[in-house]
Every structure is written in structure tokens, then in C-alpha cells.
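Everything below concerns the one structure shown next.
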Amino acid sequence: MTTLEAIIQRLRSNDASDDDWLYVAGDFADLSLSTDADLGSPSYDEDTDEESHPPEFTKRGLCITIDRQTADQCIAWADRLAEAQDNAAAADIIRYYIRFDAWPETLGAPDPPPTEEVFLRMDREFCDMLGDERKDVACKRDGCDRGAVPMSVLCRRHHFENVKGRPYPFED
Numbered sequence: 001m002t003t004l005e006a007i008i009q010r011l012r013s014n015d016a017s018d019d020d021w022l023y024v025a026g027d028f029a030d031l032s033l034s035t036d037a038d039l040g041s042p043s044y045d046e047d048t049d050e051e052s053h054p055p056e057f058t059k060r061g062l063c064i065t066i067d068r069q070t071a072d073q074c075i076a077w078a079d080r081l082a083e084a085q086d087n088a089a090a091a092d093i094i095r096y097y098i099r100f101d102a103w104p105e106t107l108g109a110p111d112p113p114p115t116e117e118v119f120l121r122m123d124r125e126f127c128d129m130l131g132d133e134r135k136d137v138a139c140k141r142d143g144c145d146r147g148a149v150p151m152s153v154l155c156r157r158h159h160f161e162n163v164k165g166r167p168y169p170f171e172d
């Protein structure tokens, strides 16, 4: 078994092909320095347009994750954050990148919020930027008794639905 730590060392010493990809075993959330890992290149069957992986990797339960260049970038980012060469930090950044396709701002960063939560927060920010509904200017939507927001003829709810093309997600 080759460990992720050994792979990180190989990458640090530039002992890998530019065509290599990082393969790892197990749940990506549990990735550690002792995780079974390897470097290799998938092959492509042009007739069937299918990708295949080294048979020994399949037997070991290894899954393809990131290309060699991205793995190198993860290691460099980890070293920058750790302010030294640190294989544990490199494993942390590789784990985060594989799981979220993003660079964490710090070592040991928490998981990013779920996509739905991010979109809801962005919707709230959009609505808050609309300003308060005016009491002296009624919303022009038939049957609505709310006031229009500044620079609009619609209330917050109807302005949101008009601009975003989907239902207003809040109860206010």
C-alpha cells in the first residue's frame, strides 16, 4: 500500500509524470496521510469514448480525484498557510479541495455552507439592498397592499420575483 504521505513526498520531489492523477481510497472526508493513494494516468478508449483506470488501482479501491498540477497547487497552498513544508497540512488542503473544489482560507477550515444556504443568504442580501417598502407608494401588483421599494413600482416580494424569476423565499 502506498500512502498519501508517500505521494505528497513524491510530488514534492517532482517524481511524477505531468499526466498523472491522484487516486485515493475511501471516503474523501476521511482522507489522511495514511490513506491508500497512488499516482497514475487513466486511459481513454476512443472507440467507446470511455475512461479506464489502472486495474491494480481498481482492485485497491482507488478513485481518481485531481490531476497532478492541482495536487502540486494544493501542496504549495498548504505550505504557504503552514509557513513550512507540512505534509499534514498538504493532506488537509487536498482533502478540502477534493471535497469542495475550492481553496480553504485557513488550515483546518470548516466545511463551506450548503449551496442552498449560500443562495438564501445571497437572496437576503439582495432583498435588504432594495431598501424599506414605502408607505406612501403602493405596490402595483394587483391585490397587493404592501408599499413599493425605492426605485421600483413593486414591493420587496414582487420586485424579487420579477427580477429573479422565482418565488420569494422569505416569510416577511
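Going by the UniProt record's numbering, the letters in the sequence shown line up with residues 1 to 172, in that order. We put the CB at the ideal spot given by N, CA and C, even for glycine. In this text, all values refer to a predicted model and were calculated from it rather than measured experimentally.
Query: Can you tell me which of the three DSSP states Val24 falls into?; Result: strand
Query: Does the distance from the CB of Phe170 to the CB of Cys127 come in under 8 Å?; Result: yes
Query: Expressed to the nearest angstrom, what Euclidean distance is found between the alpha-carbon atoms of Asp67 and Arg99?; Result: 14 Å
Query: Which residues bound the alpha helix (DSSP H) around Tyr97?; Result: Asn87 to Phe100
Query: How big is the Cα-Cα spacing for Leu154 and Leu120?; Result: 21 Å
Query: Pick from Asn87, Leu107 and Glu117: whose alpha carbon is nearest that of Tyr96?; Result: Leu107
Query: For Asp38, report the span of its beta strand (DSSP E) as first-last.; Result: Ala37 to Gly40
Query: Spatial neighbours of Ala102 within its chain, please: CB distance less than 8 Å, with the 5 preceding and 5 following residues excluded, ordered by chain position.; Result: Tyr96 and Pro112
Query: Below 6 Å CB to CB, which residues in the same chain sit around Gly131 once its five sequence neighbours on both sides are set aside?; Result: Val149 and Pro150
Query: List the DSSP bridge partners of Thr3.; Result: Asp36
Query: Please check the pair Ser34 and Thr65, which I expect to be a contact at CB under 8 Å, by giving their CB distance rounded to whole angstroms.; Result: Going by Cβ atoms, the distance from Ser34 to Thr65 rounds to 16 Å, so no, they are not a contact pair.
Query: Helix, strand or coil for Asp142? Go by DSSP, reduced to three states.; Result: coil
Query: So Ala6 and Leu22 are in contact, right, with Cβ under 8 Å, and what is the actual spacing, rounded?; Result: Actually they are not in contact, since the Cβ atoms of Ala6 and Leu22 sit about 12 Å apart, beyond 8 Å.
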